[in-house]
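What follows is a single structure, written as structure tokens, with notes after it.
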Amino acid sequence: MASPKFPETILAISLLFILSQPAYPKTCTTQTFTDKTFENCVDLPYLNAYFHWTYNQSESSLSMGFIAPPAQTGGWIGWGINPNGSLMPGSQALVAFKQSNGSMTIKKFQLISYADIQEGPLQFNVSDLSAEFSGANMMFFAKWALPKNTTVVNHVWQAGPGVANGKPEKHAITGDNLKSYGNLDLTQTAAAPGGTPPPGSGGNSDGGEISDEECWELLLDFWLLVPWLFFFILDFEVLMCCSLH
Numbered sequence: 001m002a003s004p005k006f007p008e009t010i011l012a013i014s015l016l017f018i019l020s021q022p023a024y025p026k027t028c029t030t031q032t033f034t035d036k037t038f039e040n041c042v043d044l045p046y047l048n049a050y051f052h053w054t055y056n057q058s059e060s061s062l063s064m065g066f067i068a069p070p071a072q073t074g075g076w077i078g079w080g081i082n083p084n085g086s087l088m089p090g091s092q093a094l095v096a097f098k099q100s101n102g103s104m105t106i107k108k109f110q111l112i113s114y115a116d117i118q119e120g121p122l123q124f125n126v127s128d129l130s131a132e133f134s135g136a137n138m139m140f141f142a143k144w145a146l147p148k149n150t151t152v153v154n155h156v157w158q159a160g161p162g163v164a165n166g167k168p169e170k171h172a173i174t175g176d177n178l179k180s181y182g183n184l185d186l187t188q189t190a191a192a193p194g195g196t197p198p199p200g201s202g203g204n205s206d207g208g209e210i211s212d213e214e215c216w217e218l219l220l221d222f223w224l225l226v227p228w229l230f231f232f233i234l235d236f237e238v239l240m241c242c243s244l245h
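Residues in the sequence shown are numbered consecutively from 1, following my numbering.
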């Protein structure tokens with residue numbers, strides 16, 4: 001009598017699932033824009049956000065694009081620079097959201113504290129403002145005039161649930177919303193749209209070192225595969241058992 005086919009089916013499905021798991025590649029490199037190009041980009045670690053930039057060091061000018069989904073439909077996204085600290089308070093930020101007529105707008109805000117933001121001029125001269133949306137994502141673009149000899153900035157980014165009277169409503173103060181800040185080296189050569197990291201720029205190229213971010217991604221991939229590897233081994237044992245009986 002032929003052995004049951006059910007274990008073989010489970011085994012095949014499990015194997016296909018393991019092989020189909022994504023390797024979590026950078027996605028900023030696949031993003032393109034209609035009339036803008038940037039030399040560098042990075043997948044930000046929180047809020048499904050992406051940052052594109054070109055830095056003219058001789059002019060200390062930063063051309064940038066920020067992409068993220070709002071926390072909810074009708075919400076907002078924001079990105080800014082903190083000239084005096086690393087957290088949200090004190091940041092000079094741009095916030096984009098969809099207006100009641102469906103068009104996008106972008107506004108300037110100074111983040112006085114977590115509970116107090118003020119619309120108005122920033123400490124930096126910011127020009128060439130534009131904003132748009134595509135699918136679930138919003139994006140905006142701007143050019144920042146930074147102090148001379150700037151190479152690193154403390155940047156922050158956020159996504160909020162709604163807008164009331166032209167002012168962004170408070171974002172969540174838990175989880176990833178409290179982690180969305182960091183240092184950005186404007187002079188580094190990061191992954192460029194349509195390209196890959198050059199040797200020594202953080203990518204795992206010949207002679208280069210694996211970055212902390214890539215280490216975490218590899219560790220995450222490993223732990224995601226562990227349960228499926230267990231089921232794969234269990235399926236194999238069941239298959240062998242059925243074949244022997």
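Just so you know, even glycine gets a beta-carbon here, dropped at the ideal spot from N, CA and C. Small disclaimer: the values here were computed from a predicted structure and weren't measured.
Determine the burial state of residue i: buried for a count of at least 16 other Cβ atoms within 10 Å of its Cβ, exposed for fewer.
i: D212; result: The predicted position of D212 is uncertain, since its pLDDT is 46 and thus under 50; no value can be drawn from it.
i: N125; result: exposed
i: S205; result: Note on S205: pLDDT 32, under 50, position unreliable in the model; the coordinate value appears next. S205 is exposed by the Cβ-count criterion.
i: V153; result: buried
i: W180; result: It should be pointed out that residue 180 corresponds to Ser in this sequence rather than to Trp. Label assigned to S180: buried.
i: A142; result: buried
i: Y323; result: Any property of residue 323 remains undetermined from this structure, which presents the chain solely from 1 to 245.
i: N183; result: exposed
i: T29; result: buried
i: G65; result: buried
i: P246; result: Here the chain covers residues 1 to 245 and nothing more, so residue 246 does not appear.
i: P168; result: buried
i: N40; result: buried
i: P197; result: Reliability fails at P197, whose pLDDT of 34 lies under 50, so the model's placement of it is uncertain and the value that follows must be treated cautiously. Buried, since its Cβ has 16 or more Cβ neighbours within 10 Å.
i: A164; result: exposed
i: A136; result: exposed
i: Q72; result: exposed
From what residue to what residue does the beta strand (DSSP E) around residue i run?
i: Q110; result: 104 to 113
i: N154; result: 152 to 160
i: G182; result: 181 to 185
i: F140; result: 137 to 145
i: T27; result: Unbroken run through T27: none, as it is neither H nor E.
i: D128; result: 125 to 134
i: A71; result: Where A71 is concerned, there is no enclosing beta strand (DSSP E), given that its DSSP letter is neither H nor E.
i: I148; result: Per the sequence presented here, residue 148 reads as Lys, with Ile not at that position. Looking at the DSSP string, K148 is not in any beta strand (DSSP E), and its letter there is neither H nor E.
i: I77; result: 76 to 82
i: Q57; result: No beta strand (DSSP E) holds Q57; DSSP gives it neither H nor E.
i: D176; result: Segment: none, D176 is in no beta strand (DSSP E) and carries neither H nor E.
i: A172; result: Premise fails: A172 is in no beta strand (DSSP E) and is neither H nor E.
i: Q118; result: 116 to 119
i: L94; result: 92 to 98
Determine whether the beta carbon atoms of residue i and residue j lie at a separation below 9 Å.
i: Q110; j: S91; result: yes
i: W76; j: W157; result: no
i: I106; j: F140; result: yes
i: M251; j: K98; result: Limits of the chain in this structure are 1 at one end and 245 at the other, which puts residue 251 out of reach.
i: S60; j: K148; result: yes
i: A159; j: L47; result: yes
i: S130; j: A145; result: no
i: I112; j: P83; result: no
i: F38; j: W53; result: yes
Less than 8 Å between the CB atoms is what I'm expecting for residue i and residue j, so what's the real figure, rounded?
i: I67; j: H155; result: At roughly 14 Å, the Cβ-Cβ gap does not stay under 8 Å, so I67 and H155 are not in contact.
i: Y55; j: L62; result: 5 Å
i: T150; j: L186; result: 7 Å
i: M104; j: A96; result: 6 Å
i: G74; j: G162; result: 5 Å
Quiz item: For the segment 27 to 52, which segments carrying the beta strand (DSSP E) assignment without a break, of at least 3 residues, lie completely within its bounds, in sequence order?
Solution: 40 to 43
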